[in-house]
Each structure stands twice: as C-alpha cells, then as structure tokens.
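Enquirer: Below: one structure in structure tokens.
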Amino acid sequence: ARARELHRLAAEADALAASRRSERDRLILQLRAEDPQRWSYTALAEALGCSRELVALVLRRNS
Numbered sequence: 007a008r009a010r011e012l013h014r015l016a017a018e019a020d021a022l023a024a025s026r027r028s029e030r031d032r033l034i035l036q037l038r039a040e041d042p043q044r045w046s047y048t049a050l051a052e053a054l055g056c057s058r059e060l061v062a063l064v065l066r067r068n069s
C-alpha cells in the first residue's frame, strides 16, 4: 500500500513538473514573440530564473 501511494505521488509530481515546464515554454515563446528587443535571452533567463541556454533550447525547439 505504501509503495502504491509513493508511486501515485511521484506520478502527480511528474505531471505537475510537465505542466510547469509547458507554462514556462509558452511564456518564453509569447514574450519573445511580443517584443524580441525587450525580451533578449538574458532578460528572459533573468525574469524566469533559468539559464540563457535553456531559453535558447526552448526557442530553437519551437522555431
């Protein structure tokens, strides 16, 4: 029973993480599309608390 509960909690955490990643990616794409001058890779990374490399990866993956 304990293992089943832990498995359920892990699945919920995975689903939440996927949802948050999707929201982060959507926000990166939206902001960059609205104003690429204002939302440089560095500005996006600082605003979202992630690396410039991650911002670049998201933008490349969705171009």
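Using the working numbering, read the sequence shown as starting at 7 and increasing by one per residue. Where a beta carbon is used, it is the ideal one built from N, C-alpha and C, also for glycine.
1) Just how far apart, CA to CA, sit Arg14 and Ala49?
2) Give me the Cβ distance between Ala51 and Arg44, rounded to the nearest whole Å; I'm assuming they're in contact under 8 angstroms.
3) Any idea what DSSP makes of Asp4, helix, strand or coil?
4) Flag this pair as yes or no: are the beta carbons of Ala24 and Tyr47 separated by less than 8 angstroms?
5) What's the C-alpha gap between Leu35 and Ala9?
Expert: In this structure, then:
1) For this step, residue 14 is matched to residue 8 along the sequence shown. For this step, residue 49 is matched to residue 43 along the sequence shown. So the two alpha carbons sit approximately 37 angstroms from each other.
2) As a position in the sequence shown, residue 51 is number 45, starting the count at 1. As a position in the sequence shown, residue 44 is number 38, starting the count at 1. Going by Cβ atoms, the distance from Ala51 to Arg44 rounds to 14 angstroms, so no, they are not a contact pair.
3) Past the edges of the chain, shown from 7 to 69, lies residue 4, and the structure says nothing about it.
4) Counted from its first residue, the sequence shown places residue 24 at position 18. Counted from its first residue, the sequence shown places residue 47 at position 41. No, they are not a contact pair.
5) As a position in the sequence shown, residue 35 is number 29, starting the count at 1. As a position in the sequence shown, residue 9 is number 3, starting the count at 1. If I take the Cα positions, the gap works out to 39 angstroms.
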